[in-house]
Amino acid sequence: MTSAFFERPVDLVAADLVGCVLTVEGVGGRIVETEAYAADDPASHSFRGMTGRNAVMFGPAARAYVYRIYGLHWCLNVTCGGGSAVLIRALQPSLGLETMMARRGLVRPQALCSGPGKLCQALGVDASLNGAPVLARPFQLAAGPRAGLEVGPRIGISRAIGVPWRFCEKGSPYLSVRIRA
DNA sequence: ATATCGATGCTCT
DNA sequence: GAGCATCGATATT
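Quick look at the structure:
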C-alpha cells in the first residue's frame, strides 16, 4: 500500500479501508468499521479551520491523527489530505490477542476492539503517535479482501446527522454498533 | 432489548 | 463555560 491510496476522496478511502489489516507493534487485526470526515463537513474537527488539535489533518495524507475524547479515550484517524480523515471505529482482533486482552482487561473477543476508544486501548495508541506515518513503524497496514460493505449514517455526532459516511463489513460481529435496517 | 448516567480533561467559544 | 467522532455500569421494559 502507498500514500496515493489516501490521496483520494475521503469517503472512497474510508470504504476501501474496510478489510485492510492494521497493526501497531504487530498488535491489531482487520478493519471492519470506518467513518469519513471531510474538510467542508460540519461534523469534522477541521470544519472551522486549522487549530492546535487538528493541525495534522491539514498536513500530508497517510498520517495518524490521534485525539482525546471525553477526557478519557483516544480516537485514531488516518489523514487523507486537505483537512480530511478517516476514523477507525472497529477491528476484528487477530494479531497479539494476549496483549490486547491484557491492556483491555480480559474482554470477550467481540468487544475487544468494537469501538474507536476500545481499539486505541487494545493497540496502545495514544497522543505519542499523533502525526506518525501509518505506512511505517510502529504501524503496519496491508490491503485485504473486502467482503460485503454496509453503509449508514455516522455515530455519536450532533451535526451533519444522516450523512451516510459510516462503512462496515456486512454482518460482522465486531462492530461498535450494528447498522439498523 | 433500550435508556440513562457518570467519569474526566482538553479544545474552542 | 459548553461540548465533545466514548465506554461501562446500572436500571428499566
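Following our numbering, the numbering of the first sequence begins with -9 at its first residue and continues without gaps.
For each residue, glycine too, the CB sits at the ideal point set by N, CA and C.
Bear in mind that the values here come from a model prediction, so they are computed numbers and not experimental data.
Where residue i sits in the DSSP three-state scheme
| i | result |
| --- | --- |
| residue 112 | helix |
| residue 118 | helix |
| residue 22 | strand |
| residue 84 | strand |
| residue 98 | coil |
| residue 125 | coil |
| residue 3 | helix |
Beta-carbon proximity check, residue i vs residue j, cutoff 8 Å
| i | j | result |
| --- | --- | --- |
| residue 81 | residue 27 | no |
| residue 157 | residue 68 | no |
| residue 65 | residue 107 | yes |
| residue 130 | residue -8 | no |
| residue 146 | residue 54 | no |
| residue 17 | residue 95 | no |
| residue 155 | residue 6 | no |
Sequence-distant residues of its chain with Cβ nearer than 6 Å to residue i (five each side left out)
| i | result |
| --- | --- |
| residue 11 | 20, 132 and 134 |
| residue 3 | -4, 70 and 76 |
| residue 169 | 140, 142 and 158 |
| residue 109 | 81 and 103 |
| residue 36 | 29, 44, 47 and 73 |
| residue 124 | 52, 54, 68 and 131 |
| residue 128 | 14 and 15 |
Cβ neighbour criterion (16 or more within 10 Å) applied to residue i
| i | result |
| --- | --- |
| residue 100 | exposed |
| residue 90 | buried |
| residue 161 | exposed |
| residue 102 | buried |
| residue 88 | exposed |
| residue 137 | exposed |
| residue 117 | exposed |
Other residues of its chain near residue i: CB distance less than 8 Å, five sequence neighbours each side excluded
| i | result |
| --- | --- |
| residue 105 | 79, 80 and 166 |
| residue 153 | 31, 33, 143 and 144 |
Sequence-distant residues of its chain with Cβ nearer than 7 Å to residue i (five each side left out)
| i | result |
| --- | --- |
| residue 46 | 53, 55, 69, 120 and 121 |
| residue 22 | 8, 80, 81, 82, 158, 159, 162, 164 and 165 |
| residue 24 | 4, 7, 8, 76, 77, 78, 79 and 157 |
| residue 93 | 111, 112 and 114 |
What ranges does the alpha helix (DSSP H) occupy inside the stretch 127 to 159, keeping only unbroken runs of at least 4 residues that lie completely in it? List check, alpha helix (DSSP H) in window: nothing returned.
At 3 residues or longer, what runs of the beta strand (DSSP E) sit wholly inside the stretch 12 to 73? DSSP runs (the beta strand (DSSP E)) wholly in the stretch 12 to 73: 17 to 27, 54 to 59 and 63 to 71.
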